[in-house]
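Taking it in order: structure first as structure tokens, then the write-up.
Set out below in structure tokens:
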């Protein structure tokens, strides 16, 4: 259920479930769930920065930046959550590195294709690059390679063999367009 608003929640703990009073598709519903994943919008903390006085443009609540992390105002760069799109520390560090290089006169540009995303859930999920659907739409003929965790000695030794790695590549030249991993535990 997406776009549902939780009106009230009973998380009493007497039973292994949660009762939620939801506003969903114009109706109020009372439903019971064993597990609930609540994902909210994230916003850059731009309040009190007087960005309008510095002529820094915002787009959908975030500081608008180009690939070099430059804002609409000369000499002002932005990185991290205020720049939006992908709230991961590793992405923020890369954006900051690019901004600093450009401030120092060294040309550097952000390439979002190689920023991994991860979901710290059970099981864990991680991906980088394009999905199968995105790769098909952009490149046409692609090749899919799948490797189950049961084929990995370390996964078997850790009794964590449920999971897989999926690699999406160009059918002709083998260029990798995306990698997706789903599984339990850490196998590094």
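Numbering (our numbering), first residue to last: 13 to 200.
Even for Gly, the Cβ is constructed at its ideal location relative to N, Cα and C.
All figures in this text were calculated on a predicted structure; none of them were measured in a lab.
From the listed residues 48, 133, 37, 71, the smallest Cα separation to residue 58 is found for 71. Judged by DSSP in its simplified three-state form, residue 78 adopts coil rather than helix or strand. In this structure, DSSP gives residue 55 a state outside helix and strand, which the three-state scheme calls coil.
In this structure residue 43 is in contact with residue 32, their Cβ atoms being roughly 6 Å apart against a cut-off of 8 Å. Counting of Cβ neighbours within 10 angstroms places residue 46 among the exposed residues, the total staying below 16. With 16 or more neighbouring CB atoms inside 10 Å of its own CB, residue 81 falls in the buried class. Put simply, the region 128-136 does not touch the region 146-163. Fewer than three CB pairs are less than 8 Å apart. Annotation for residue 194: 135, 137, 175, 176 place their beta carbon closer than 7 Å to its own, counting only its chain and skipping 5 residues before and after.
Of the candidates 79, 94, 41, 65, the residue whose Cα lies closest to the Cα of residue 85 is 65. According to DSSP, residue pairing for residue 70 in a beta bridge involves 75. Contact between the region 101-121 and the region 144-158 is not established, with fewer than three Cβ pairs separated by less than 8 Å. From the listed residues 118, 92, 67, 187, the smallest Cα separation to residue 106 is found for 92. Within its own chain, the residues whose Cβ lies closer than 6 Å to the Cβ of residue 178, once the five positions on either side in sequence are excluded, are 158, 192, listed in chain order. Excluding its 5 nearest sequence neighbours in each direction, residue 108 has C-beta neighbours in its own chain below 6 Å: 91, listed in chain order.
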